[in-house]
Amino acid sequence: MQIQPYISFNGNCQEAVEFYADVFGTDNPEIIVFGEMLNKQEAADLDQSEKVVIRADLETDETRVLLSDIPPKPQDVQGDKMTLVIFSDDLDEIKILYYKLKVGGTVEMELQETFWSKVYGSLVDKFGVGWQLNYDDGRMSQVV
Numbered sequence: 019m020q021i022q023p024y025i026s027f028n029g030n031c032q033e034a035v036e037f038y039a040d041v042f043g044t045d046n047p048e049i050i051v052f053g054e055m056l057n058k059q060e061a062a063d064l065d066q067s068e069k070v071v072i073r074a075d076l077e078t079d080e081t082r083v084l085l086s087d088i089p090p091k092p093q094d095v096q097g098d099k100m101t102l103v104i105f106s107d108d109l110d111e112i113k114i115l116y117y118k119l120k121v122g123g124t125v126e127m128e129l130q131e132t133f134w135s136k137v138y139g140s141l142v143d144k145f146g147v148g149w150q151l152n153y154d155d156g157r158m159s160q161v162v
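So that you can map any letter, position 78 of the sequence shown is 96 in our numbering, and since no number is skipped, the others follow by simple counting.
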């Protein structure tokens, strides 16, 4: 069984997919926009329909993330309902991902040692998505 994250955006999903593809070194993510599903007249009648992503798949070596645009709701705050957590036994990978994801975002905790991880950091990226990055040097299994 696999559980895959599904991230929703308020109209900037395509930009987010391109950003994450660059961060994680993913080539050619699959993106389906609403305008592709309509005939030309239907698409012309809908404002910005060609840019609305109805489904995008972003795959890394071990994980598949699904993404799409959703209509904004007045009280929804982008990214406030979930955080993506990365575990890696490659310290350089953690550092590279952290520095790429923090561009244009807000750092909540700089990379630092904690009681559960030799190196941990958390941030909210420029799309409002929360990230926690953990260097798994074996200590995590001792804490849990």
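Just so you know, even glycine gets a beta-carbon here, dropped at the ideal spot from N, CA and C.
7 angstroms CB neighbourhood of residue i in its chain, flanking five on each side removed
i       : result
Lys-69  : Gln-32, Val-51
Thr-124 : Leu-141, Val-142
Tyr-117 : none
Asp-79  : none
Tyr-38  : Leu-76
Own chain partners of residue i with C-beta closer than 6 angstroms, once the 5 adjacent residues on each side are dropped
i       : result
Phe-27  : Ala-34, Asp-87
Phe-145 : Ala-34
Thr-132 : Tyr-138
Asp-155 : Lys-136
For residue i, the nearest candidate out of the options (CA to CA)
i       : options                          : result
Tyr-24  : Gly-53, Glu-54, Ile-72           : Ile-72
Leu-102 : Leu-141, Asn-46, Glu-48, Pro-47  : Leu-141
Pro-47  : Val-137, Asn-30, Arg-82          : Arg-82
Asp-75  : Ile-104, Lys-120, Gly-53, Gln-22 : Gln-22
Lys-136 : Asp-40, Thr-78, Phe-37, Phe-105  : Phe-105
Leu-115 : Gly-139, Gln-130, Ile-49         : Gly-139
Gly-29  : Leu-85, Asp-107, Asn-152, Val-41 : Leu-85
Same chain only: Cβ atoms within 8 angstroms of residue i, ignoring 5 sequence neighbours per side
i       : result
Glu-128 : Gly-139
Asn-152 : Val-103, Ile-104, Phe-105, Ser-106, Ile-112, Trp-134, Ser-135, Val-137, Tyr-138, Met-158
Residues that DSSP places opposite residue i in a beta bridge
i       : result
Thr-124 : Val-142
Ser-106 : Tyr-153
Phe-27  : Asp-87
Ile-50  : Arg-73
Thr-44  : None, per the DSSP bridge assignment.
Under 7 angstroms between C-beta atoms of residue i and residue j
i       : j      : result
Leu-109 : Val-41 : no
Residue i at chain C interface by Cβ criterion, 7 angstroms
i       : result
Val-137 : Within the model displayed, chain C is absent; a lone protein chain is all it includes.
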